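Residue numbers (this note's numbering): 1167 to 2156.
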Amino acid sequence: MKKKIFMPGLLSLVIASALSGGALAQATITETSAEALGLSDYRHFVIYPHLEKAIRAQKNNDEQTALREFAEVRRREPHNVALTLYQAQALRHFGHNKQAYAVLTEQLKHHPGDKRLEESLAAIPVEPMAVTTVKALHAQLQQCDAAPDVRCRSEVGQNALRLGELKVAQAQLTDPAFASAPQGETLRNAILQRAIYLRQWEVADALFSEREQQHGLSAAEQQQWFTVLLAGKNDERLQARQAQGLFTSPEYSLAYATTLEQRGERARLQDYLAQHQPVFQTPEEEKRWLYLLSRYSAQPEKALAQYSARFNENRLFIAGETLPGLIRRGEYGTARQLLAGVPENALPQARYSLSLATHNTPETLRLARQLYASQPQNLQRLDTLSWQLIKAGQDQEAAHILVQAYPFPGDEEAAEALTGRLIGLLRAHPNWATAAQKAKLSQPLASFRQRQLQSQLPWLAENCASVRKLLGDLSPSYDAAAWSQLAACYRDDVPGMALYAAQQAQARAPDSWRHRAVAYQAYQAQDYAAAMRAWKTLPLVEMRNEDLIAAANTAQAAGESQSVASWLQEAQKRGMDNSENYWWLHAQRYLPQEPEKALADVNRALAIAPSERAYVLRAQLYRETGNTPAAVDDLRQALAINPHNATSRAALGYALWDEGEAEASRVELELALKAMPDDPALIRQLAYVSQRLDDVAATRHYARQAVDDIDNEAEIRPLSAEQTQQRFAFRRLHEDIARRWSFSFDSTLGLRSGAVNSANNAVNGASPGKSYRSYGQFEAEYRLGRNQLIEGDLLSVYSRLFADTAGSGVAMPVKNPMLGAGVRWKPLRDTVFFLAVEQQAPLDKHHGEADTLLRASASFFNNGRFSDEWHPAGAGWFANNLYLDGAQYVRQDIQAWTADYRISWHQKVAHGQTLEPYGHLQANGYRDGETRGAQTGGVGVRWNIWTGETGYDAWPHKISLGLEYQRTLKTVNQHAGERNNAFITLGVHW
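So, in structure tokens, the structure goes:
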């Protein structure tokens, strides 16, 4: 079989192979015998020592010796060709090409035409003149024309090639002597390759033509010439040469036709195909020719039919290409004859098409099964078979085949069509699929269209878990039906997602049914604005009776009273004013301005049909009008109807709190919290309720939850001042409820010996009503607990050590030391008022008497935003305090009293630190048979430091250091001392 010489795409390569062989081998002499050298024995004897020495020196690269000895040999035998060749080889070996050239040229004069000398001379590399311009080239050409020889012609030709002067190079070949010399052949090949490289196809063609005329071309040269003609698009020359018998092999015909196809020359290709019918040696080449016939012939079917194919597979190809046309034209008989000439199992697709055209249903089904069996992964064949089965009324077999092939790989569009066909069959006959197949069919597919189709499977209608799995990716490409199905499956537990899905369905199919669905779902998700937009989209005539009430409910929740009135008016027109729904909504119209009218409407609603919401609304009205017991009763009625309504249970808990039933309130609130574990209001209320019940563990538990809730909010957005204060209040509650021991130290030091201060008048201060230069007190208190004697009280025991300066001039409070121990009772929950009974005993027996102190003290206005407690928000705050204190010393029958009003500003200087400038006025008195008293005023500044804060506990400790200027304004029956005084104050509370 011939080797294929051209393939499609050959023109993408530039053929630049050498057209000539390598340089001729240099003539060499390898024998040194007398006979080989052409010498007599005597002459050989004379020169041999020198020759042997020269050859050995050349082998050892001893240039001087070798050249000297060869010169001696030549001197003795100047006209011997063999010895001349030895000398020339040595000269070339040592790089003396010019000398070798001179030696050979001189010898050639004595032996003209000697092939050995000519070959050796031709083998010496030409060293052309340094010609770099065209002008220099023409000068060299003139010299050569004056004395032409092979060397100068070669030099001129090579220089011309290098300068791109191909005509000058070609002109050198007109010299017959040069043209026939090896150098001439070398130049000719060089010109040819240069022409090919420069894409001068006409020059290359001329050279090939000349060579072909002179001595013919080899197969390789013919191939290169063919390639040159193709590259130059010289179609006329190529076809002319084919007419002359060149390039006539089938491979050349196919290569040329393929080139015309690639160049898009359809008309020329069409003519060429019509005029040639090559006989190919391989089925592949023949099939390629048939393909060109089928695509580019004037009458493809006729051209194929007229072509006599050698190979069976190509005869099948011709049949496959011509049969569709025969069937299309209704030439069924011809088509059957054509099919009869090929194997029975060949061309099943064409046979299938013929069976369809002739309405041969049994044959159609047989062939459809055969086609699918041969390629079960081919979706087109599966589509064909399943469709033909359905047309033949064999739906169950079609479903069985489709289920077996499911899921359908490959082309997405074909897979979607098959999925839709299968699901259509199973919707009509769900029992045709087994349980395992149903599970497989329910697994989500990759394409959104296929998942949308899957959602229509009949066994998924009530299976929301599977629907969510299929459609839960929320593809924007789903249609309205799919989004509505998804909304229905999210409705119960994810109302927000259900609303989103319903809105997507509405956007794709904005009909009344979907407007209504969005309205109901938005109400459930508490997106009342969206619900109102949906209701307002529906005309009144399309609203059902239940829609009117639902729309009015939505309008009520959205606060759109006009819409409530409008829809209720329509409901009344339809005779719907005899329902609980109607009157419940009617009551909303009077809230909150006219609670009496609203209450009347709620009573009418309850008279028609007792309902949970009506009881809840009436309970709300009762609470607002102060009838809390009735509110509690109604809330219990609401819970009897629906015991699982956490909102109603929480409302009952709040109402019971208002009634003072803390324990019952906690029960209801905790039940509500189980249903609404993330309700911050319930958590906070339970913290307060637990505090009132003195349940330390529960109070701290709920306080921590309240703090955590506010901290979580802080991670989302900055807290407001109110939220920051609330967090601090719960931290204080968490710290205060667990506190048992408290320790305090308070002291005032007068800076002048005559000073008399009134700065010791804090709640439960040292000696009520008395004034000294300095005083000091240390106290330890232990809380026994709350609700000890009456509900809401706080009972503590304490012990204290205090002293003053008496009438001495000392600065430190070391006089009159007293030890006191007693019980302190705070009977009122929300008021700072203390009653105390204290037994006092002097530590210095020479000063003071043991006595029992009965004491009452109170503080007013020093709470909330005006308290001295740390305020976490803002740069500072105002504080004020009215302190009242009264005491009775039982044994001594002495009374003392104090009233002090202070106002101050806390300026924050650091976290947990303030500078507090303040001023205060005080009146105090002391009666021991005679009433004495004083009125003073003072201004000062304190540095307050709070410490010990944690994540859940507010500052438990406070240290205050101050300086106060004080002036005595008035005295009663006592010496005023120095009226202007200064004091250092110190307070530590731990």
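The beta-carbon is built from N, C-alpha and C at its ideal position, and this holds for glycine as well. Note that the coordinates shown come from a computational prediction; the quantities given were computed from them, not determined experimentally.
Measure the alpha-carbon distance for residue i versus residue j and round it to whole angstroms.
i	j	result
Asn1808	Leu2019	59 Å
Gly1188	Arg1454	With a pLDDT of only 30 at Gly1188, under the threshold of 50, the placement of this residue in the model should not be trusted, and no figure is reported.
Leu1859	Val1730	44 Å
Ile1213	Gln1265	22 Å
Leu2081	Ala2089	26 Å
Gln1253	Arg1319	26 Å
Gln1255	Pro1244	16 Å
Trp1823	Val1855	8 Å
Asp1845	Lys1604	43 Å
Thr1340	Ser1346	10 Å
Trp2156	Glu2115	12 Å
Leu1327	Arg1241	42 Å
Gly1547	Tyr1666	The sequence shown places Arg at residue 1547, rather than the Gly named in the question. When rounded, the distance between both Cα atoms is 41 Å.
Thr1488	Ala1433	22 Å
Gln1536	Asp1549	13 Å
Thr1914	Tyr1941	5 Å
Pro1758	Phe1896	32 Å
Tyr1422	Asn1227	58 Å
Arg1429	Ala1397	11 Å
Phe1374	Trp1391	6 Å
Ala1673	Arg1755	33 Å
Cα-Cα, which of the options is closest to residue i?
i	options	result
Leu1985	Gln2005, Ile1589, Glu1582	Gln2005
Phe1574	Arg1617, His1595, Asn1597, Gly1559	Arg1617
Arg1494	Phe1483, Lys1635, Glu1467	Glu1467
Gly1491	Ala1516, Glu1510, Val1334	Ala1516
Leu1592	Glu1582, Leu1568, Arg1615	Leu1568
Ala1599	Pro1610, Glu1563, Asp1713	Glu1563
Leu1155	Ile1290, Pro1291, Lys1333	The structure shown has nothing for residue 1155, since the chain only spans 1167 to 2156.
Gln1543	Pro1776, Gly1576, Ile1849	Gly1576
Ser1415	Lys1399, Leu1950, Gln1443	Gln1443
Gln1786	Lys1301, Leu1249, Arg1680, Ala1797	Ala1797
Arg1461	Asn1480, Gln1436, Pro1610, Ala1558	Gln1436
For residue i, count the other beta carbons within 10 Å of its own beta carbon; 16 or more makes it buried, fewer makes it exposed. Which is it?
i	result
Glu1579	exposed
Asn2147	buried
Trp1367	buried
Gly1382	exposed
His1595	exposed
Tyr1363	exposed
Ser1474	exposed
Val1782	buried
Ser1727	exposed
Glu1760	exposed
Thr1298	exposed
Glu1712	exposed
Thr1271	exposed
Gly1261	exposed
Ile1882	exposed
Tyr2159	Given a span of 1167 to 2156 for the chain in the structure shown, any question on residue 2159 remains unanswerable.
Gly1693	A small correction: the amino acid at residue 1693 is Asp; Gly does not occupy that position in the sequence shown. By the neighbour-count rule (16 or more Cβ atoms within 10 Å), Asp1693 is buried.
Arg1365	exposed
Asn1511	exposed
For this session: Give a yes or no on contact between the segment 1684-1692 and the segment 1648-1667, applying the rule of three or more CB pairs nearer than 8 Å.
Result: yes
Exercise. Which full runs of the beta strand (DSSP E) of 3+ residues lie inside the segment 1785-1865, going along the chain?
Worked result: none
Exercise. Counting pairs of beta carbons, one from the segment 2006-2018 and one from the segment 1867-1882, are three or more of them closer than 8 Å?
Worked result: no
Exercise. Are there three or more Cβ pairs, one per stretch, closer than 8 Å when the segment 1219-1230 is compared with the segment 1201-1209?
Worked result: no
Problem set entry | Within the segment 1685-1765, ranges of the alpha helix (DSSP H) (whole runs, at least 4 residues) | 1694-1703, 1711-1724, 1727-1739, 1746-1754
For this session: Specify whether the segment 2035-2050 and the segment 2061-2076 touch according to this definition: at least 3 beta carbon pairs, one from each stretch, less than 8 Å apart.
Result: yes
Exercise. Okay, do the segment 2088-2107 and the segment 2049-2067 touch, 3+ Cβ pairs below 8 Å being the bar?
Worked result: yes
Exercise. Would you call the segment 1949-1960 and the segment 1993-2000 touching, i.e. three or more CB-CB distances under 8 Å?
Worked result: yes
Exercise. What are the complete alpha helix (DSSP H) segments, minimum 4 residues, inside the segment 1392-1456?
Worked result: 1401-1409, 1416-1429, 1432-1441
For this session: Report the residue ranges of all beta strand (DSSP E) runs contained in full by the segment 1293-1325; include only those spanning at least 3 residues, in chain order.
Result: none
Problem set entry | Segments assigned alpha helix (DSSP H), at least 4 residues, entirely inside the segment 1185-1259 | 1200-1203, 1207-1225, 1229-1242, 1247-1259
For this session: Please specify which runs of the alpha helix (DSSP H), each continuous and at least 4 residues long, are wholly inside the segment 1858-1912, giving them in chain order.
Result: 1862-1882, 1887-1904
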